[in-house]
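Following: one structure in structure tokens, then a few remarks.
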Amino acid sequence: MGISEVFWDASIEELKQGYKKEDHHYICLLCGETTEKGIVYQAEGVFYEAERYMAIHIEAEHESVFDYLIDLDKKLTGLTDHQNRLLRLFYEGKNDVEVQKEMGIGSASTIRNHRFVLKEKERQAKLFLTMMELLKEKDDHKPAFIDIHKTARMIDDRYNVTKEENEEILKKFFPEGINGRLKSFPPKEKQRLVVLRAIIKRFTPEKVYGEKEVNELLNTAYDDYVLVRRYLIEYGFLDRKVDGSKYWLKK
Numbered sequence: 001m002g003i004s005e006v007f008w009d010a011s012i013e014e015l016k017q018g019y020k021k022e023d024h025h026y027i028c029l030l031c032g033e034t035t036e037k038g039i040v041y042q043a044e045g046v047f048y049e050a051e052r053y054m055a056i057h058i059e060a061e062h063e064s065v066f067d068y069l070i071d072l073d074k075k076l077t078g079l080t081d082h083q084n085r086l087l088r089l090f091y092e093g094k095n096d097v098e099v100q101k102e103m104g105i106g107s108a109s110t111i112r113n114h115r116f117v118l119k120e121k122e123r124q125a126k127l128f129l130t131m132m133e134l135l136k137e138k139d140d141h142k143p144a145f146i147d148i149h150k151t152a153r154m155i156d157d158r159y160n161v162t163k164e165e166n167e168e169i170l171k172k173f174f175p176e177g178i179n180g181r182l183k184s185f186p187p188k189e190k191q192r193l194v195v196l197r198a199i200i201k202r203f204t205p206e207k208v209y210g211e212k213e214v215n216e217l218l219n220t221a222y223d224d225y226v227l228v229r230r231y232l233i234e235y236g237f238l239d240r241k242v243d244g245s246k247y248w249l250k251k
């Protein structure tokens with residue numbers, strides 16, 4: 001299961017802490033880093049058990065779960081740019097007067113009204129989550145959709161792909177299996193998404209690749225590796241330095 005699947009399957013409490021407990025290890029929901037139960041880890045000369053070290057990892061690598069989540073695409077968070085900025089300032093501990101001055105809008109009462117609107121959004125979200133959980137118990141015809149990867153740059157109808165459709169597309173374009181070569185490069189957006197999701201699994205998390213390494217790896221999937229590389233970046237699967245000298249998986 002990829003890190004995006006683990007992320008979306010996590011409970012609210014697990015998302016708040018930023019990691020998930022598995023049978024024998026802990027996994028960071030933000031980047032996929034794991035620590036093994038029973039192993040002692042060292043940080044700045046201090047030794048920590050696995051779960052405590054995972055919390056330290058999140059603070060060191062991601063600042064906080066809030067900072068990570070607030071930076072996600074607004075189509076994932078459902079926040080407007082205005083709401084995003086308000087939440088950032090509230091999280092920093094600023095009072096209504098300080099927020100009003102920093103944003104240069106209305107008055108302190110205006111900020112209080114924004115707080116009320118956000119509280120209403122929270123209530124609505126709780127009710128919606130509850131209804132969706134109840135629906136799961138009754139809806140025997142619901143399709144299983146593929147998960148949206150957290151680093152997606154454009155979230156639209158192309159992600160409306162069921163797991164059944166996903167398997168059909170993979171069989172069509174990878175006749176020798178997903179570790180084989182592409183029969184052709186998909187002409188449709190949904191098909192491209194499915195194919196790119198499969199190809200990106202050939203990369204190793206945390207590893208930094210040179211351009212030649214990336215080209216050689218992608219060439220195992222398709223002759224026009226430059227085209228595949230461009231789409232992996234466009235769809236938010238792969239990131240790189242401005243000069244194209246280094247590439248890595250986006251977290």
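Just so you know, UniProt numbering puts 162 at position 162 of the sequence shown, and the rest follows in order with no gaps. Glycine included, C-beta positions come from ideal geometry on N, C-alpha and C.
When the Cα of K121 is compared with those of L79, E98, R85 and F90, which residue comes out closest?
-> Comparing C-alpha distances from K121 to each of L79, E98, R85 and F90 shows the shortest one belongs to L79.
Are the Cβ atoms of Y231 and R197 separated by less than 8 Å?
-> The beta carbons of Y231 and R197 sit no closer together than 8 Å.
Determine which residues share a DSSP beta bridge with E49 and list them.
-> The partner list for E49 (beta bridge, DSSP) reads V40.
Whole angstroms is fine: what's the gap from M1's alpha carbon to R202's?
-> Low per-residue confidence applies at M1: pLDDT is 45, beneath 50, and the placement is therefore not dependable, though the value from the model is reported in the following sentence. Taking the straight line from one Cα to the other gives about 14 Å.
Residue burial classification, I12 (beta-carbon count within 10 angstroms, cutoff 16) = It is exposed - the Cβ of I12 has fewer than 16 other Cβ atoms within 10 Å.
Own chain, CB closer than 7 Å to E44, minus 5 neighbours either side, in chain order = Result list for E44: empty, nothing under 7 Å.
Would you kindly check if the distance between the Cβ of Y91 and the Cβ of F128 is under 8 Å?
-> Their beta carbons are not under 8 Å apart, which means F128 does not touch Y91 by this criterion.
Between H25, R88, L218 and R115, which lies nearest to L182 when the distance is taken from Cα to Cα?
-> Among H25, R88, L218 and R115, the Cα nearest to that of L182 is on L218.
Can you tell me where the beta strand (DSSP E) with Y19 in it begins and where it stops?
-> Counting along the chain, the beta strand (DSSP E) containing Y19 begins and ends at Y19 to K21.
Are K16 and H25 touching if we call contact CB-CB under 8 Å?
-> In this structure, K16 keeps its C-beta atom at 8 Å or more from the C-beta atom of H25.
Would you grab the beta carbon distance between D224 and F185 for me? Rounded to a whole angstrom, and I think it's under 8 Å.
-> The pair is a contact, with the Cβ atoms about 7 Å apart (cut-off 8 Å).
Determine the contact status of V161 and V194, defining contact as a CB-CB distance below 8 Å.
-> Going by beta carbons, V161 and V194 fall inside the 8 Å limit.
As assigned by DSSP and simplified to three states, the class of L238 | Residue state, collapsed to three classes: strand.
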